[in-house]
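481 is the number that this note's numbering gives to position 154 of the sequence shown; each next residue is one higher, with no gaps. Working notes for the structure below.
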Amino acid sequence: MKTFTSAAELQQALREEKSHHNSIGYVPTMGFLHQGHATLLEKARNENDIVVLSIFVNPLQFGPNEDFETYPRDLERDENVAAKAGVDYLFYPTVHEMYGEEPSVKVVVQSRTDCLCGKQRPGHFDGVATVLTKFFNIILPDRAYFGKKDAQQVAVIDGLIQDFNFPIQLVAVDTVREEDGLAKSSRNVNLSVQERMEARELYQSLLKAKEAVESGERNAAAVTALVSEHIGAHTSGVIDYIEVYQYPELKPIETLSGHVIIAMAIKFKHARLIDNITINIE
Ligand code: PAF
328 MKTFTSAAEL QQALREEKSH HNSIGYVPTM GFLHQGHATL LEKARNENDI VVLSIFVNPL
388 QFGPNEDFET YPRDLERDEN VAAKAGVDYL FYPTVHEMYG EEPSVKVVVQ SRTDCLCGKQ
448 RPGHFDGVAT VLTKFFNIIL PDRAYFGKKD AQQVAVIDGL IQDFNFPIQL VAVDTVREED
508 GLAKSSRNVN LSVQERMEAR ELYQSLLKAK EAVESGERNA AAVTALVSEH IGAHTSGVID
568 YIEVYQYPEL KPIETLSGHV IIAMAIKFKH ARLIDNITIN IE
């Protein structure tokens with residue numbers, strides 16, 4: 328595995344790979360790699376000749392009161408995970424390498440953002456779309472891999488790839504979960520022991536909702552109420568949102584039909600957790 332901090336040097340190495348017609352799979356991350364990332368890397372490894380991993384905690388996608396400073400970072404550990412996963416090129420740029428002194432252009436996302444996390448994190452998806460536009464242009468991958476846990480991010484990136492004509496296949500990969508159902512996340516380490524026990528209830532509440540839908544419940548408000556009651560009764564977390572939408576359009580619905588998403592964000596003392604489930608209704 329080769330590690331690059333310079334975009335120009337990485338581009339040079341990848342030009343060389345492309346000249347040999349090697350396909351490139353790209354996994355963008357903010358580091359502190361966990362099983363979820365390892366699964367993306369494994370899939371990328373199986374489907375491409377070359378695997379590129381980027382690790383960059385992107386300041387542009389954090390709000391002023393968010394956890395940019397305290398976001399967990401551990402390059403040495405990440406390098407071991409990456410090497411074991413068969414990564415060929417690790418790109419680890421500084422903020423200055425990515426944005427220089429004063430960037431003059433940013434990408435603004437127009438739709439699919441005024442709900443779920445986007446609503447409460449103004450500018451977040453502009454930051455994600457901007458950094459990915461840069462990474463896509465630097466790496467020019469054939470495929471890019473993202474976790475379905477960030478379902479809104481997947482919907483936004485789908486729009487970015489289509490609108491900007493990136494010749495990249497978006498590969499959305501199933502959420503990887505702990506044994507008790509908690510979605511893997513870098514932020515889980517910030518939960519107290521008690522909160523970690525409660526956190527299993529996020530997925531349990533989604534399964535309960537899914538069961539209700541499969542038994543015929545079609546009223547969106549009834550479904551969100553069911554999830555909300557479960558979270559309230561079994562956790563000390565504060566509900567940021569529990570919402571139901573058409574997916575991937577992220578259009579609000581009153582009556583469930585077609586492909587729908589039930590998504591939630593729950594705030595614990597030092598960690599805000601998100602999770603979702605999608606259901607196909609015949
Ligand atoms: O999902 C993430 O970790 C980030 O939003 C991403 C896609 C790496 C962009 O910074």
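Backbone N, C-alpha and C define an ideal beta-carbon position, used for all residues, glycine too.
The continuous beta strand (DSSP E) containing Phe418 extends over residues Tyr416 to Phe418. Per DSSP, His423 is one residue of the alpha helix (DSSP H) stretching across Val422 to Tyr426. Burial of Leu387 is indicated by the presence of at least 16 other C-beta atoms within 10 angstroms of its C-beta. A contact is defined here as three or more CB-CB pairs under 8 Å, and the region 426-440 fails this definition with respect to the region 394-408. A direct Cα-to-Cα measurement between Val458 and Ile606 gives close to 30 Å.
Fully contained in the region 580-604 are the following beta strand (DSSP E) runs of length 3 or more, in chain order: 585-594. Two segments are said to touch when three or more pairs of C-beta atoms, one from each, lie closer than 8 Å; by this definition the region 362-373 touches the region 407-415. Every beta strand (DSSP E) stretch that sits fully inside the region 534-583 and reaches 3 residues is listed by chain position as 565-573. For Lys345, the enclosing alpha helix (DSSP H) begins and ends at Ala334 to Ser346. Using a C-beta cut-off of 8 Å, the region 466-475 makes contact with the region 495-508, since at least three inter-stretch Cβ pairs fall below that distance. In this structure, the ligand PAF has no non-hydrogen atom nearer than 6 Å to the beta-carbon of Met425.
DSSP, read as helix, strand or coil, puts Lys411 in helix. Counting other Cβ atoms within 10 Å of its Cβ, Ala552 stays below 16 and is therefore classed as exposed. Non-local C-beta neighbours of Lys535 in its own chain, meaning closer than 8 Å and more than five positions away in sequence, comprise Leu553, Val554 and His557, ordered along the chain. Membership of Ile484 in the alpha helix (DSSP H) is indicated by the continuous run Ala478 to Asp490. Under the criterion of beta carbons closer than 8 Å, Phe359 and Ser513 qualify as touching, at roughly 4 Å. Cβ-Cβ distances below 6 Å link Ala598 to Arg514, Asn517 and Leu518 in the same chain, with the five nearest sequence neighbours on each side left out; the list follows chain order. Set against 6 Å, the gap from the CB of Thr356 to the closest heavy atom of the ligand PAF is smaller.
For Arg372, the enclosing alpha helix (DSSP H) starts and ends at Gln362 to Glu374. In the three-state scheme derived from DSSP, where H, G and I count as helix and E and B as strand, Ile351 is classed as strand. Placement of the Cβ of Val458 at a distance of less than 6 Å from at least one heavy atom of the ligand PAF is found.
Per DSSP, the unbroken beta strand (DSSP E) holding Lys329 starts and ends at Lys329 to Phe331. Using a cutoff of 6 Å, the CB of Val500 does not count as near the ligand PAF, since none of the ligand's heavy atoms is closer than that. Shown here, Phe463 sits in a helix according to DSSP, grouped into three states. Per DSSP, Gly445 lies in no beta strand (DSSP E); the unbroken alpha helix (DSSP H) holding it starts and ends at Leu443 to Gln447. For Ile382, the uninterrupted beta strand (DSSP E) segment begins and ends at Ile377 to Ile382. In this structure, the C-beta of Asn407 stays at least 6 Å away from each heavy atom of the ligand PAF. In terms of Cα proximity to Thr502, the closest of Asp394, Ile608 and Asp602 is Asp602.
In the displayed model, Gln496 falls within a strand according to three-state DSSP.
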